[in-house]
Amino acid sequence: MNARKLARTRRPVNPRGSLVAYELLDAHFDQFSFRGKMTDTFAVGSTVYFPVVQECANGAERWIEIPAEGQDPHELEGPAPGVEITEPGHSH
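Going by this note's numbering, the sequence shown opens with residue 7, and the numbers climb by one from there.
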């Protein structure tokens with residue numbers, strides 16, 4: 007697995023990476039996000055999914071299920087978050 011930890015420096019992460027990991031002490035709260043650029047590899051109208059596993063001291067939450075073609079993601083027990091690919095916007 008080609009993976010790399012992401013620091014809070016907002017530096018680029020290897021585009022072929024398959025894991026982004028954040029660490030936080032149990033006594034703290036924070037929001038975690040990542041940014042990426044979609045290329046024309048993804049077809050307009052398709053959805054790109056990002057399976058997520060949240061590991062805590064008491065266990066883990068796994069949002070890793072990707073719906074089958076035509077399946078409603080709300081039917082899944084642990085649906086992965088997804089981004090629908092749309093036409094590019096116009097820039098000036």
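Using N, Cα and C, we set each Cβ at its ideal position, and we do this for glycine too.
On the three-state DSSP scale, how would you describe residue i?
{"i": "E81", "result": "helix"}
{"i": "Q37", "result": "coil"}
{"i": "E67", "result": "strand"}
{"i": "L31", "result": "coil"}
{"i": "E61", "result": "strand"}
Give the straight-line distance between the Cα atoms of residue i and residue j, rounded to the nearest whole angstrom.
{"i": "T45", "j": "V58", "result": "22 Å"}
{"i": "R41", "j": "E90", "result": "15 Å"}
{"i": "A49", "j": "P94", "result": "11 Å"}
{"i": "S97", "j": "G65", "result": "45 Å"}
{"i": "F38", "j": "G84", "result": "19 Å"}
{"i": "T92", "j": "W69", "result": "23 Å"}
{"i": "G51", "j": "P79", "result": "16 Å"}
So, at 6 Å on beta carbons, what are the nonlocal neighbours of residue i in its own chain, with the 5 sequence-adjacent residues on each side left out?
{"i": "Y55", "result": "I72, A86, G88"}
{"i": "T53", "result": "G88, E90"}
Can you tell me the Cβ-Cβ gap for residue i and residue j, rounded? I've got them flagged as a contact below 8 Å.
{"i": "D32", "j": "A63", "result": "6 Å"}
Within the same chain, show all residues whose beta-carbon is closer than 7 Å to that of residue i, passing over the 5 residues directly before and after it, in chain order.
{"i": "E67", "result": "Q60"}
{"i": "L82", "result": "E71, P73"}
{"i": "Q77", "result": "none"}
For residue i, write down the residues that DSSP places opposite it in a beta bridge.
{"i": "G88", "result": "Y55"}
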